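Heads up: the sequence shown begins at 2 in my numbering, then just goes up one per residue. Ideal Cβ positions, reconstructed from N, Cα and C, are used throughout, including at glycine. Quick caveat, the model's predicted, so the values are computed rather than measured. Following: one structure in structure tokens, then a few remarks.
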Amino acid sequence: MARPNIAFVESSLSGNSFEADLARKAIETLGDRADITEVDYKDLPLLNEKEEFPDPDAALAILDKFKNADAVWVFVSEYKHNIPVAVKNLFDWLTTGDRQQAIDQKPVAITGVGGFKGIFGRIQLGDLLEDNGMRVFPVEVGLSVPEEAFQTGDWVFNEADIEAVRMQAEDFLKFISMNEVK
């Protein structure tokens with residue numbers, strides 16, 4: 002496989018979130034070894050049976066991004082022991098009807114904000130994605146945001162955080178090449 006195209010999904014719909022900080026660190030770590038497609042899904046309506054077909058423009062644009070991606074990397078935080086509703090809605094759209102083909106058998110990595118406490122959301126997300134045909138990368142990372150970052154809004158990554166993201170990126174690139182969708 003040439004340089005893979007990885008669709009990046011952040012659970013926060015804000016570009017200045019801790020998930021966005023983590024995604025930017027992953028992009029920096031990947032360097033020129035992958036093309037990144039950032040998935041903006043804030044305009045995606047809640048899925049319901051009456052609006053499911055035809056797809057709204059927002060859903061079609063997102064679907065194209067996933068179809069053109071070789072893999073997916075999700076940066077997620079936990080919200081009350083669950084994955085955020087917007088992320089669940091995104092993958093509900095992608096796993097309904099013919100849309101499933103856009104993610105079927107694609108490798109997916111999960112990186113979490115919230116450290117150990119965020120494990121519930123990461124487990125739920127992994128189960129959801131695996132149940133819907135994705136190849137979940139078995140090494141997930143959950144980083145804790147330092148308390149001072151909540152006051153300043155700036156997350157300064159320590160060496161252990163950077164190394165965890167670097168190792169996950171290295172191993173995920175290998176996983177993508179081993180699990181190339183034919």
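Would you mind sorting residue i into buried or exposed? The rule is 16 or more other CB atoms within 10 Å of its CB.
i: F151; result: exposed
i: M135; result: buried
i: G119; result: buried
i: G143; result: buried
i: R4; result: exposed
i: V86; result: exposed
Are there any heavy atoms of the ligand ADP lying less than 7 Å away from the beta-carbon of residue i, as far as the coordinates show?
i: A21; result: As presented, the structure is devoid of all ligands, the ligand ADP included, so that no description of it is given.
Assuming residue i and residue j form a contact by the criterion Cβ under 8 Å, report the distance between their Cβ atoms to the nearest whole angstrom.
i: I84; j: V73; result: Their Cβ separation, rounded to whole angstroms, is 14 Å, which puts I84 and V73 out of contact at 8 Å.
i: N17; j: N69; result: Contact flag wrong, Cβ pair sits at about 27 Å.
i: N166; j: T30; result: Note that residue 166 corresponds to Val in the displayed sequence, not to Asn. Rounded, the Cβ-Cβ distance is 5 Å, consistent with contact.
i: F138; j: F173; result: 5 Å
Only counting the same chain, and skipping five residues up and downstream in sequence, which positions put a Cβ closer than 6 Å to that of residue i?
i: G115; result: S78, E79
Once the 5 residues before and after residue i are set aside, which same chain residues still bring their CB inside 8 Å of it?
i: K26; result: F158, D162, I163, V166
i: L95; result: I63, L64, F67, Q101, A103, I104, N133
Next on the checklist: List, from N- to C-terminal side, the alpha helix (DSSP H) runs of 4 residues or more that fit wholly inside the segment 141-167.
Outcome noted: 148-153
Checklist entry - Would you say the segment 105-112 touches the segment 147-162, given that touching needs at least three Cβ pairs under 8 Å? => result no
Checklist entry - Fully enclosed by the segment 35-113, which beta strand (DSSP E) runs are 3 residues long or longer? => result 36-39, 72-78
Checklist entry - On the three-pair Cβ rule with 8 Å, is the segment 30-40 touching the segment 94-108? => result no
Checklist entry - Is the segment 152-171 close to the segment 125-134, with three or more CB pairs under 8 Å? => result no
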